[in-house]
Structure formats: C-alpha cells, structure tokens
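Under the UniProt record's numbering, the first residue of the sequence shown carries the number 1, and numbering increases by one thereafter. Glycine is no exception: its CB is placed at the ideal position from the N, C-alpha and C atoms.
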Amino acid sequence: MKRKQDDSDIDVSSTDSEPEIEQEEIEEETVNVDFDFFDLNPDVDFHATKNLLRQLFGDDSVEFDLSSLADLILKDNSVGTCIKTDGKESDPFALLSVINISNNLENSTVKKLVAYVLDKTNNQPKFNVLLRKLLGDKKNKVALIVSERLINMPVEVVPPMYKMLHEEMESAEDAHEKYEFDYFLVVSKVYEMVAAKEQEDAKTTKKKKAGADTTKEMDYFHYEDLVLEANSIHHGYYPYTHVSQETDSRRVFTEYGLDPQLSLILLSKDQLQKSVGEMEAKFPPF
Numbered sequence: 001m002k003r004k005q006d007d008s009d010i011d012v013s014s015t016d017s018e019p020e021i022e023q024e025e026i027e028e029e030t031v032n033v034d035f036d037f038f039d040l041n042p043d044v045d046f047h048a049t050k051n052l053l054r055q056l057f058g059d060d061s062v063e064f065d066l067s068s069l070a071d072l073i074l075k076d077n078s079v080g081t082c083i084k085t086d087g088k089e090s091d092p093f094a095l096l097s098v099i100n101i102s103n104n105l106e107n108s109t110v111k112k113l114v115a116y117v118l119d120k121t122n123n124q125p126k127f128n129v130l131l132r133k134l135l136g137d138k139k140n141k142v143a144l145i146v147s148e149r150l151i152n153m154p155v156e157v158v159p160p161m162y163k164m165l166h167e168e169m170e171s172a173e174d175a176h177e178k179y180e181f182d183y184f185l186v187v188s189k190v191y192e193m194v195a196a197k198e199q200e201d202a203k204t205t206k207k208k209k210a211g212a213d214t215t216k217e218m219d220y221f222h223y224e225d226l227v228l229e230a231n232s233i234h235h236g237y238y239p240y241t242h243v244s245q246e247t248d249s250r251r252v253f254t255e256y257g258l259d260p261q262l263s264l265i266l267l268s269k270d271q272l273q274k275s276v277g278e279m280e281a282k283f284p285p286f
C-alpha cells in the first residue's frame, strides 16, 4: 500500500467534466472520502482496469484488445498507482501507469495502437512525422501514459499519482531497461458542447474531416490536460472512428449534447517533469 490521502471534504457530486451550473439550481452535498493509494495488483484490478481503458478510449475502445492492454499494465509492469476507497481488494477508482511502447513494438496490441495513433495524426504532418520516427524504432524510448479515473474523482488526486510514478520509474531495479523514457505519449479525451441546431452541421463536418482540430475550444474530462498541452511538443483532437451514440443522445440539459473526441499529447521527459510541478501548483492537495 502507498500513501493515504488525508480525510477531506470532497464534493463528489461534482466532476472534472461537468459544465457549470447555477448555484440555485442544485443543492451541493459534501461527503467525506478517504483515498488510499495502492500498487497495481493483477490478481484484483484486471476487470476494473479493462473498464477504465474502455472509458479512456471512448467509442474507439472496440479497436483494441483491452485484455492485452490490461495485462501490459498489470502483469508486465512494476510501476503505477491506483486509488481505492474500500481497501486493497476493492476496485480502483483511478489509475495511472505507463506502457513501454518501444520494448513492445512486436506485440500485436501495441502494433494496433501505434497504427491507430499514426492514422489519427495523418492530417497533422509535423506531429505525424515525429511520431513515425519515434514509434518506428525501438531505440527511441517512448512510453504511453495511461491515466483514467471515474468521472467524479477530483483532479487533485492526479499530481501525487504522477509524483509516485516518477519516483517508481527512477527507483525500479530494471529502470534503465524499462523506464528510462525520452518521450511520453498521453491518450486522453475532450468534448465539445453542441447545441441542437448545430448538430446536423457537426455531423456533416465530421464526415468531411478526419484530422486534428486544435483551434476549436474544447472542454476537458481531465483538467490536467490543460497543463500537459501547454508544455507539449504537439497535441491534437481527433474524431473517433466509431460512434456508438449520436451527439443528441448525450444531451446534458435541454439545449446541448456532448461530442467527445480523442486527444493525443506528446511530451519530452523534461516537459512532463515541468508539467507535474505545475499540476501541483494548479491543483493543490485538499
């Protein structure tokens, strides 16, 4: 077991991704929650990890063998942290770990993931060329950061998880072979609030456009992505290949629906370290 987050008054009715609501419209409820930080456990966390991966990759999770990805995180890995609230045997509410892409280029699931990322960034030439160079040769040390949590987990849990990950990667017995990375690729997700009258136009645009869009203002499921993007080499937002729900069916209130998209962020080792420090300042402990 790792460190325990001190008891805190946390509003678990709020989330990273919920839009702001007028104060008079809701009655906020404060609940005391204890967060315990644990090492990843393949005997306990497999199914919950698969579910978090399914949530992370959104509609395109069907593209991947999630069981294989979960095994890479849990069985072939010795670093990473999950958060639980009901002891070691309970399901994790949040997870942060890495997958060594460079050491697993022959793995069929990693091959699929690399092909997917290259396809998504195809209309973003500079990003795509750099990724092809980094992901095409195992001499380049690249890691995929896997970070996901249940929707009502506060962003303040993220900085300590990143700090623990950094410490574990540096102190691991096989640190040089497995965890001495030069670059980190973050897979995440963003969303756009779409008004009903805009939805038909959005559908048409989506059919015509498969590339990245970093000019449109998006909202975040993971608010730490604001820090990561600001320090990144490249980042972009991409429509999902598969759409399991129409935007209108994701309507939050009467006027808007959610249009989720894939987010990809590439950082160097130094940029990630800088980001973690900024996360701590921006999202301090409770």
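Please report the distance separating the alpha-carbon of residue i from that of residue j.
i: S171; j: V190; result: 33 Å
i: F286; j: P159; result: 12 Å
i: F221; j: S275; result: 18 Å
i: E167; j: G257; result: 41 Å
i: L150; j: A230; result: 24 Å
i: Y237; j: D39; result: 31 Å
i: K141; j: F57; result: 23 Å
i: F181; j: A195; result: 42 Å
i: F37; j: L96; result: 11 Å
i: residue 322; j: T109; result: Since the first and last residues shown for the chain are 1 and 286, residue 322 lies out of range.
i: M193; j: Y240; result: 16 Å
i: S68; j: V33; result: 32 Å
i: K112; j: D137; result: 15 Å
i: H176; j: N77; result: 14 Å
i: Q271; j: I145; result: 14 Å
i: G277; j: S188; result: 20 Å
i: Q55; j: N41; result: 20 Å
i: K139; j: Y116; result: 21 Å
i: A281; j: V62; result: 37 Å
i: L118; j: Q273; result: 25 Å
i: S268; j: N103; result: 18 Å
i: N107; j: M218; result: 33 Å
i: L262; j: V186; result: 11 Å
Going by DSSP, what residue range makes up the beta strand (DSSP E) through residue i?
i: N100; result: A94 to N100
i: Y238; result: H234 to Y238
i: F184; result: Y183 to A195
i: K84; result: T81 to K84
Tell me the DSSP secondary structure of residue i in three-state form.
i: N140; result: coil
i: K112; result: helix
i: K50; result: helix
i: Y162; result: helix
i: P260; result: strand
i: D219; result: strand
i: F35; result: strand
i: E148; result: strand
i: residue 325; result: There is simply no residue 325 to check, as the chain begins at 1 and stops at 286 in what is shown.
i: L40; result: coil
i: L266; result: strand
i: S90; result: coil
i: M169; result: helix
i: E229; result: helix
i: V62; result: helix
i: F286; result: coil
i: D119; result: helix
For the alpha helix (DSSP H) that contains residue i, what are its first and last residues?
i: I73; result: L66 to L74
i: S275; result: K269 to K282
i: P125; result: P125 to L135
i: E177; result: A175 to K178
By the 10 Å Cβ neighbour count, where 16 or more other Cβ atoms means buried, how is residue i classified, buried or exposed?
i: D174; result: exposed
i: G87; result: exposed
i: H242; result: exposed
i: V157; result: buried
i: P260; result: buried
i: D60; result: buried
i: residue 288; result: As shown, the chain starts at 1 and ends at 286. That puts residue 288 outside it, with no answer to give.
i: S244; result: exposed
i: A94; result: buried
i: residue 327; result: This structure does not reach residue 327, given that the chain is present from 1 up to 286, and the question cannot be answered.
i: E89; result: exposed
i: E148; result: buried
Beta-carbon within less than 6 Å of residue i's beta-carbon, same chain only, minus the 5 sequence neighbours each way: which residues are those?
i: M169; result: V79 and Y179
i: H234; result: F127 and L266
i: N51; result: none
i: L53; result: L66 and L69
Please list, in chain order, all residues of the same chain as residue i whose beta carbon is under 7 Å from its beta carbon, the five residues on each side excluded.
i: D45; result: L74, C82 and P92
i: M279; result: V158, P159, Y162, E224 and V227
i: T121; result: F127, N128, L131, A212, G236 and L264
i: A48; result: D91 and P92
Looking only at its own chain, which residues have a Cβ that is under 8 Å from the Cβ of residue i, when we skip the five neighbours before and after it?
i: V155; result: D16, H222, Y223, E224 and F283
i: V114; result: I101, L105 and L135
i: L165; result: V79, G80, T81, L96, S97 and V98
i: T85; result: V33, D34, F35, D36 and F93
Taking 8 Å as the threshold (beta carbon to beta carbon), is residue i in contact with chain C?
i: E278; result: Chain labels in this structure do not include chain C; a single protein chain is all it has.
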